[in-house]
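Here's the structure, in structure tokens; my notes come after.
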Amino acid sequence: MSQPVDSVLLEDKTWERVAEATGGAAAPCFQCGVCTAICPWGLVKDETVSIRKMVRKAQLGLPSWSDEVWLCTTCQWCEARCPRGVDITRVILGLRRLAWQEREIPHGLPSLLWDVYFDGNTWGRPPSQRSLWTRGLEIKEFSPADDVLFYVGCTPAYDRRSQKVARALASVLETAGVKFGTLGDREPCCGDAVRSVGHEEYLAELIDANARLFEEAGVATLVAISPHCYDMFANRYPNLSGSFRPLHYTQYLLELIEEGRLKFENELPLKVTYHDACYLGRRNSLYEEPRRILQAIPGLELVEMERSREDGLCCGGGGGRMWLETAAGERFGDLRVKEALETGAEVLVTSCPHCISCLEDSLSVLGASGLRVRDLVEVVHSALGAQSQAATSDVASGRS
Ligand code: SF4
Ligand code: SF4
36 MSQPVDSVLL EDKTWERVAE ATGGAAAPCF QCGVCTAICP WGLVKDETVS IRKMVRKAQL
96 GLPSWSDEVW LCTTCQWCEA RCPRGVDITR VILGLRRLAW QEREIPHGLP SLLWDVYFDG
156 NTWGRPPSQR SLWTRGLEIK EFSPADDVLF YVGCTPAYDR RSQKVARALA SVLETAGVKF
216 GTLGDREPCC GDAVRSVGHE EYLAELIDAN ARLFEEAGVA TLVAISPHCY DMFANRYPNL
276 SGSFRPLHYT QYLLELIEEG RLKFENELPL KVTYHDACYL GRRNSLYEEP RRILQAIPGL
336 ELVEMERSRE DGLCCGGGGG RMWLETAAGE RFGDLRVKEA LETGAEVLVT SCPHCISCLE
396 DSLSVLGASG LRVRDLVEVV HSALGAQSQA ATSDVASGRS
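Just add 35 to wherever you are in the sequence shown, counting from 1, and you've got the numbering used here.
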């Protein structure tokens, strides 16, 4: 019996929508299942999260509204191992985009987008409070004559814990004699949260408006605290190519060390291990820069965890997971803290506000004494000691 013409057309339309939203990224998949085997959800969940099946359904033009679509942290571990080079996160973000169109979205995500739309930040706080992190410091407004624009980002601007990281970086830049400024209360959200939850249409608007703002402000070199902001500016702003130079702060600090502008004169006797943030490591291949900074500090010993660099375990905070509930016992951060403890390190160092938040949560849940979580620039700040102005967190003594 032949199929009714209407149903064939409907199927074709759905297939086209899925193929368009996912950019056809699922096509090369040959269903080996490596992605399902490597995905870190397999380490914490009792039931298998089948990434392979999700990719297969996208290949067949079947949209998926299941909770599994929202689990992905976009850590790209699966992509690093996929033998066919499938852009798996593109498939998943495409499925999320369709879910927005069908209003099949988890509770909490619409308000995240309204926060970015109305307040310009992911914290739902007034833009007029964006510079509160600078209290007691003299941070000037950016001018084109400056060496760099210090792009702070939403979390370091508003979150009390991350504000310490912003203050530490400002202090270190000052010590190195860098001429820098910020956009103050005009600083916009980079759009990473919007991208990671799959709202492509709003993201395109945001990127256009931000690119215009940076151009009008005369920004050439931008230094970001968060690997997520860095990734956005480096890879998602097609209008800002040419002379625009986005850097993650670890890249910039290494440049300052190599130019002799940042010198460590005192010993910092500390055993540390480094957690690769997915958006710095797997996504942008910045594995060596943070390690070379740590190795430049006299007295500091760097030890590696079992899973590091290309095989680094995700903290669980990317891909919009910061705004979604994760059940107790299913946090990747718990596993990461245990791995750090096994190295005997005193400090678990990372360079991403999401990682700091997830790892510190896990540390407090596990009650692991003898280990602290610090951002890399806080370690640098401590190593510079009295040379820098702002008191932030004292890594050597463990005081926060
Ligand atoms: S690893 Fe790649 S080829 Fe294998 S099932 Fe997953 S997406 Fe398909
Ligand atoms: S990107 Fe990470 S969390 Fe997402 S499916 Fe791949 S391995 Fe799993």
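Using N, Cα and C, we set each Cβ at its ideal position, and we do this for glycine too.
Spatial neighbours of residue i in its chain, beta-carbon cut-off 8 angstroms, leaving aside the 5 residues before and after
i      : result
Ala246 : Tyr272, Asn274, Leu275
Leu401 : Asp369, Val372, Lys373
Pro63  : Arg119, Gly120, Val121
Tyr265 : Ala259, Pro281, Leu282, His283, Tyr314, Leu315, Asn319
Gly35  : Within the shown structure, residues of the chain are numbered from 36 to 435, placing residue 35 beyond reach of any answer.
Val104 : Met89, Ile127, Leu130, Arg131, Ala134
Val338 : Lys306, Val307, Thr308, Thr378, Gly379, Ala380
Backbone CA spacing between residue i and residue j [nearest angstrom]
i      : j      : result
Ala431 : Arg195 : In this prediction, Ala431 scores a pLDDT of 49, lower than 50, which makes its location untrustworthy; the coordinate-derived value is nonetheless stated afterwards. One C-alpha to the other measures close to 21 angstroms.
Leu419 : Glu236 : 45 angstroms
Ser320 : Arg342 : 16 angstroms
Glu51  : Val126 : 14 angstroms
Ser37  : Thr49  : Bear in mind that the predicted position of Ser37 carries a pLDDT of just 41, short of 50, making it unreliable; the figure below should be weighed with that in mind. Approximately 20 angstroms, taken between the alpha carbons.
Leu359 : Val151 : 16 angstroms
Leu148 : Thr157 : 8 angstroms
Pro438 : Glu46  : Nothing about residue 438 can be read from this structure; the chain reaches only from 36 to 435.
Ser435 : Pro145 : Confidence at Ser435 is low in this model, with a pLDDT of 41, below 50, so the placement of that residue should be treated as unreliable; the coordinate-derived value is given next. Cα to Cα, Ser435 sits roughly 34 angstroms from Pro145.
Thr108 : Asp182 : 34 angstroms
Leu172 : Thr256 : 22 angstroms
Asp227 : Ala312 : 15 angstroms
Ala201 : Thr124 : 30 angstroms
Arg366 : Val79  : 7 angstroms
Thr361 : Ser392 : 13 angstroms
Leu106 : Arg356 : 7 angstroms
Met340 : Arg116 : 20 angstroms
Ser397 : Ala180 : 43 angstroms
Gly77  : Thr83  : 6 angstroms
Leu282 : Asp122 : 24 angstroms
Phe65  : Pro118 : 9 angstroms
Ala211 : Tyr287 : 11 angstroms
Pro333 : Phe299 : 7 angstroms
Glu377 : Glu209 : 36 angstroms
Gly405 : Cys350 : 20 angstroms
His234 : Asn301 : 48 angstroms
Gly433 : Cys67  : Because Gly433 sits at a pLDDT of 46, beneath the cut-off of 50, its placement in the model cannot be relied upon, and the point is left open.
His142 : Ile242 : 25 angstroms
Val53  : Ala60  : 10 angstroms
Ala375 : Val229 : 31 angstroms
Cys225 : Val213 : 23 angstroms
Arg407 : Glu293 : 28 angstroms
Phe153 : Gly379 : 46 angstroms
Ala205 : Ser386 : 15 angstroms
Met267 : Ser399 : 31 angstroms
6 angstroms CB neighbourhood of residue i in its chain, flanking five on each side removed
i      : result
Val254 : Leu184
Leu133 : Ala56, Pro98
Ala269 : Pro281
Val415 : Val207
Pro223 : Gly155, Asn245
Leu297 : Ala211, Leu291
Gly347 : Asp311, Gly316
Glu176 : Gly216, Gly219
Spatially closest choice to residue i from the options, by CA coordinates
i      : options                        : result
Glu381 : Phe279, Glu336, Cys349         : Glu336
Arg221 : Ala192, Val207, Val232, Val229 : Ala192
Ser278 : Lys298, Ile292, Phe299, Glu250 : Glu250
Leu411 : His234, Ala203, Lys80          : Ala203
Gly58  : Val79, Ala93, Ser399           : Ala93
Arg344 : Gln111, Phe299, Leu218         : Gln111
Val187 : Ala180, Ile174, Pro179         : Ile174
Glu413 : Gly295, Leu303, Leu376, Asp396 : Leu303
Val168 : Thr190, Phe153, Gly155, Arg407 : The sequence as given places Trp at residue 168; Val does not occur at that position. Of the listed residues, the one whose Cα sits closest to Trp168 is Thr190.
Leu383 : Gly364, Gly405, Arg409, Glu377 : Arg409
Pro262 : Phe177, His389, Gly347         : His389
Asp81  : Gly364, Cys67, Gly216          : Gly364
Lys306 : Ser197, Gly216, Gln330, Cys225 : Gln330
Lys199 : Cys113, Cys225, Ser166, Phe215 : Ser166
Leu248 : Leu128, Gly129, Val338, Ser178 : Ser178
Tyr309 : Asp102, Ser197, Leu394, Arg170 : Leu394
Sequence-distant residues of its chain with Cβ nearer than 7 angstroms to residue i (five each side left out)
i      : result
Leu289 : Glu324, Arg327, Ile328
Ser85  : Thr71
Tyr322 : Asp311, Gly316, Arg344
Val69  : Arg116, Cys117, Pro118
Ligand 4 heavy atom lying under 8 angstroms from the CB of residue i
i      : result
Arg317 : Here the bound small molecules are ligand 1 and ligand 2; ligand 4 is not part of this structure.
Min CB distance residue i to chain C below 9 angstroms
i     : result
Gln66 : Included in the structure is just one protein chain, with no chain C present.
Practice task
Determine, using beta-carbon pairs with one atom in the stretch 81-90 and one in the stretch 161-168, whether at least three such pairs fall under 8 angstroms.
Solution key: no
Problem - Pocket of ligand 2 defined by Cβ to heavy atom distance under 7 angstroms - result: Cys70, Ile73, Cys74, Pro75, Trp76, Ile86, Leu106, Cys107, Thr108, Thr109, Cys110, Gln111, Trp112, Cys113, Glu114, Ile123, Thr124, Ile127, Cys349, Gly354
Practice task
Say whether the stretch 126-138 touches the stretch 92-106, bearing in mind that this needs 3 or more beta-carbon pairs closer than 8 angstroms, one atom from each stretch.
Solution key: Taking 8 angstroms as the limit for Cβ pairs, the verdict is that the stretch 92-106 does touch the stretch 126-138.
Practice task
Would you check if the stretch 305-324 and the stretch 72-79 touch, i.e. whether three or more CB-CB distances between them fall below 8 angstroms?
Solution key: Because the criterion of three Cβ pairs below 8 angstroms is not met, the stretch 72-79 and the stretch 305-324 do not touch.
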